[in-house]
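Notes follow the structure.
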Amino acid sequence: MTSVYQACLLVLASILLGCSGGSDVPYAQMIGDPLRKPSPAPEDVSRLTPQWIAALTTPALEVTLERSGRVAVLSPFSDRRDSAGGAVRIWRSADGAQIVLRGGVLIATRGLGNDVDSTLAQTMIAALSARAPVSGHHVLYTVTTENSTKAVDLSCQSKLIDDDFIDIAGRQIETRQVRVTCRWGAETKVYDFWVDAGGSTVRQSQQWAGPDLGYIRTRLLNE
0 MTSVYQACLL VLASILLGCS GGSDVPYAQM IGDPLRKPSP APEDVSRLTP QWIAALTTPA
60 LEVTLERSGR VAVLSPFSDR RDSAGGAVRI WRSADGAQIV LRGGVLIATR GLGNDVDSTL
120 AQTMIAALSA RAPVSGHHVL YTVTTENSTK AVDLSCQSKL IDDDFIDIAG RQIETRQVRV
180 TCRWGAETKV YDFWVDAGGS TVRQSQQWAG PDLGYIRTRL LNE
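Numbering (numbering that gives the first Met the number 0), first residue to last: 0 to 222.
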C-alpha cells in the first residue's frame, strides 16, 4: 500500500476475539495502512482531505507513533463494555496492530513491541468526565523484552486548559482541552485530550504509552 491515507476495504470472513467484560461487535470492513511500516512521504500525508474523510463509510482513527514517526489510519475491530460499564473500542491497522481505547483513553496496545498490556486508568477517565481538577495514579503494565510485565506507576493531576478549536483536515472542531500532568520518578509526562465542547467524544489526544513506546497521538477522523 503506497499511501497511509489510501482506503483499503478488507472483507473479514471470520473475526474471533476473546475479551472479558462483555460481548464483542465485529466490523466487516477495515480501512487503513500498516502501523508498523515506515512513515509516509510528505506528499502522501497531504492526501488527507475533508473529501477523503466524507467518503469514509466506517469510523476511522489516525494514529501516530511519535518516536518512530509512523502513521496509520485504523478502523474499529470490536466494541465491548468493561466491568464498570465503560465503552472499550479496539482499533486495528491493516497489519494487525491494535490500539485499545476506553472513552478515548489509551488502555492497551497489541503488535507494536513492548506493548501496554493493560492500564489502571481511572484517574484519566475521571479527569475527562469531570473536566475539573482530579488527582490520582495512572498505572501502565508494559511488556518487557523478557516477555514479562512491569508496572509503570504515575502520580497525576488534571486541569482544564481552555476551549480550543482544532483543525482536522480542514474541519474546525470546537473542543475543551484537558491536560493531565504526571510524575514518573524524576520525569514529567503530559497527557492532552481535546474533547467535544458539547459532548464527551475525544477528538484528539497525545498520550504516553510507557518508556518503550513513548507518546502516541490520535485524531478521530470519522465516527
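C-beta atoms are modelled at their ideal positions from N, C-alpha and C, and glycine is treated no differently.
The beta carbon of Arg170 sits closer than 7 angstroms to the beta carbons of Pro49 from its chain, once the five residues preceding and following it are set aside; these are given in chain order. In this model, Arg79 and Asp163 are separated by some 30 angstroms (Cα to Cα).
A Cβ-Cβ separation of about 11 angstroms leaves Gln176 out of contact with Tyr190 under the 8 angstroms criterion. Between the C-alpha atoms of Thr108 and Arg202 there is a straight-line separation of about 19 angstroms. Around the beta carbon of Arg66, fewer than 16 other beta carbons lie within 10 angstroms, which makes this residue exposed. The beta carbons of Gly110 and Ala96 sit about 4 angstroms from each other, so the pair counts as a contact at 8 angstroms. By a beta-carbon distance limit of 8 angstroms, Val72 contacts Ala59. Their separation comes to about 5 angstroms. As the crow flies, the alpha-carbon of Leu153 is around 23 angstroms from that of Val62. Nearest to Asp211 by C-alpha distance, out of Met123, Leu220, Ser82, Val151, is Val151. For Pro49, the uninterrupted alpha helix (DSSP H) segment begins and ends at 49-53.
Non-local C-beta neighbours of Arg101 in its own chain, meaning closer than 6 angstroms and more than five positions away in sequence, comprise Gly85, Val87, ordered along the chain. Between Leu127 and Val194, the beta carbon gap of about 6 angstroms places them in contact (Cβ cut-off 8 angstroms). Secondary structure at Leu111: coil, using DSSP grouped into helix, strand and coil. The straight-line gap separating the alpha-carbon atoms of Ala208 and Asp161 is approximately 25 angstroms.
Secondary structure at Leu127: helix, using DSSP grouped into helix, strand and coil. Sixteen is the threshold: since fewer than 16 other Cβ atoms of the shown chains lie within 10 Å of the Cβ of Ala129, the residue is exposed. Under the three-state reduction of DSSP output, Thr143 falls in the coil class, being neither helix nor strand. Taking 7 angstroms as the cut-off, the Cβ atoms of Ile167 and Thr174 do not count as close.
In this structure Thr144 does not touch Asp116 by the C-beta definition: roughly 14 angstroms separates them, more than the 8 angstroms allowed. In this structure, His136 is the residue among Arg69, His136, Gly213 with its C-alpha nearest to the C-alpha of Met123. For Thr174, the three-state secondary structure derived from DSSP is strand.
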